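Written below as C-alpha cells is the structure these notes are about.
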Amino acid sequence: MNEEVRSEEESSESNAYRTLARAKVLSEALPYMRRYNGQTIVVKYGGHAMGDPELARLFAQDMVLLKQVGMNPIVVHGGGPQIGQMLKELNIQSEFVDGLRVTDQQTIDVVEMVLAGKINKEIVSNINRAGGVSVGLCGKDAHLIKARKLQRTKRDPESNIEKVLDLGFVGEPVEVNPHVLDCFINTDIIPVIAPIGVGEDGQTYNINADTAAGAIAQAVGARRLYMLTDVKGILDADKQLVRDADIDSINAMIADGTIQGGMIPKTETCMDAVRNGVEAAVIVDGRAPHAVLLELFTERGAGTMIRSS
C-alpha cells in the first residue's frame, strides 16, 4: 500500500471517529435538553469571557443555541473594566470603597453610557450575528429594575465607631418587573440587560451585575442562575474545585476563611437566589469555551453548583 492511499484511509478513519464523537455528545445532551425545555435561565456575563473577542463570539453562539433548543436565556452583563477605561480616557478619577466604585453624578453618566450603550449593544450585535434575535434593555426600560441607594457601613478599627459609607449613586434592586421579560418567553428574542436601576425620583443607580442577575433570576422564577467569572468555581481548603455545595457548607467555608474576598458577595448572591425559588445557582469559569453548555448538557457539569440543601 502506498503512502498516499494509507494517508487517505487514516484521514477517513479520523473523520469517522470525529463524527462518532459528535454523535455521542449530542446523544448525551438530549436528556438534558428535554429537562430544560421551556425553562428560563439567567446568565451573568462578565470578566474575561466578555473581554476576549473569541470567547464573546462563542458565548453569543451558545445563547442562540439555548434559545433554539427551547430554553429562555436572559443575559445580565457587567462592564467594570470598560467603565474604568472610559473614565480614564475622560480624565475622571475613580475611588473604590470595599470593592465598590464611588459613583458621583459625573461618573454615573459615564456608567450609563458604557453599560446601557456601548457594551449592551455589542452583546446584542454578537448574538444577532450568531443567528439569533436579541434586544438590549436596562433597568430604566418599562420600570424593569427599581432601585434605591445602597447603604453600607464600616467600623473604624481605631475608634471602633461604625461609619456610614457614602458610595454616591451605587444602588441595589428593590423590585424587578418580571412582566417585561415574560414578553420574550414565547418569542425568538434573547433579552440582554445592563444593570442600571432607577429610583422613585428618577435617579439613575449603578447596580452590581451579580446582584442584578440574582434579583432578576428570583423575579422570573429561573431554573438556573449562572455566574460567569474568572475562576474555576469555589475551591476548598486544598484548592480543589467544589462541584456541589449547599447553603450550610457555603456558610461554613465563609466562616473559616476558605471563601474570601470577592467570592463572598458572589456566593451570597447565589445563596439568596436559591433561598428565593431558583433551583440552583452555578459559579462557572467564563474563561472556558462553552462553559454554560458544558454545565447544562453534560453529566459531570462545570463549576460549582449551589443548592438550598
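Just add 3 to wherever you are in the sequence shown, counting from 1, and you've got the working numbering. All residues carry an ideal CB built from backbone N, CA and C; glycine is no exception. Because the structure is a prediction, the values reported are computed rather than measured.
Excluding its 5 nearest sequence neighbours in each direction, V295 has C-beta neighbours in its own chain below 7 angstroms: V46, D65, Y229, V287, listed in chain order. Note: L153 is not bridge-paired with any residue in the DSSP secondary-structure output. By the Cβ neighbour-count rule, L184 is buried, with 16 or more other Cβ atoms within 10 Å of its own. Our two residues, G142 and E282, have alpha carbons roughly 24 angstroms apart in a direct line. Annotated three-state conformation of S97 is coil, per DSSP. In this structure, the alpha-carbon of A63 lies about 6 angstroms from that of N129. With contacts defined by Cβ atoms closer than 8 angstroms, A215 and P176 form a contacting pair.
Looking from the CA of G102, the closest CA among M308, N279, P268, C186 belongs to P268. CA-CA distance, R37 to L118, rounds to 34 angstroms. Fully enclosed beta strand (DSSP E) runs of no fewer than 3 residues occupy 283-288 of the region 282-306, in order along the chain.
Assignment of K91 by DSSP, reduced to helix, strand and coil, places it in the helix class.
D247 is bridged by DSSP to M308. Boundaries cannot be given for P198, as no alpha helix (DSSP H) includes it and DSSP labels it neither H nor E. Take N131, set aside five residues on each side of it, and the residues of its chain with a beta-carbon closer than 7 angstroms to its own are S137, in chain order. The C-beta distance from D191 to K70 rounds to 7 angstroms, short enough to fall under 8 angstroms. Looking at the DSSP output, N209 sits in a beta bridge with V173, I199. Beta-bridge annotation (DSSP): K47 is paired with V79, M230. In the assembly as shown, G260 is an exposed residue. Its beta-carbon has fewer than 16 other beta-carbons within 10 Å. T106 sits in a strand when the DSSP states are folded into three classes. For C186, the three-state secondary structure derived from DSSP is coil. Counting C-beta atoms within 10 angstroms of its own C-beta, N75 has 16 or more neighbours from the protein chains shown and is therefore classed as buried.
For G120, the secondary structure class from DSSP, reduced to helix, strand or coil, is helix.
Taking 8 angstroms as the cut-off, the beta carbon of L147 is found closer than this to the beta carbon of V179. Taking 8 angstroms as the cut-off, the Cβ atoms of T106 and V100 do not count as close. For G139, the three-state secondary structure derived from DSSP is strand. Comparing C-alpha distances from P194 to each of Y39, A150, V67, V201 shows the shortest one belongs to V67. Residue range 56-71 is occupied by the alpha helix (DSSP H) that includes L68. When beta bridges are read from the DSSP output, V223 appears opposite no residue.
For I262, there is no enclosing alpha helix (DSSP H), as DSSP gives it neither H nor E.
Rounded to the nearest angstrom, the Cβ distance from N40 to G73 is 4 angstroms, consistent with a contact under 8 angstroms.
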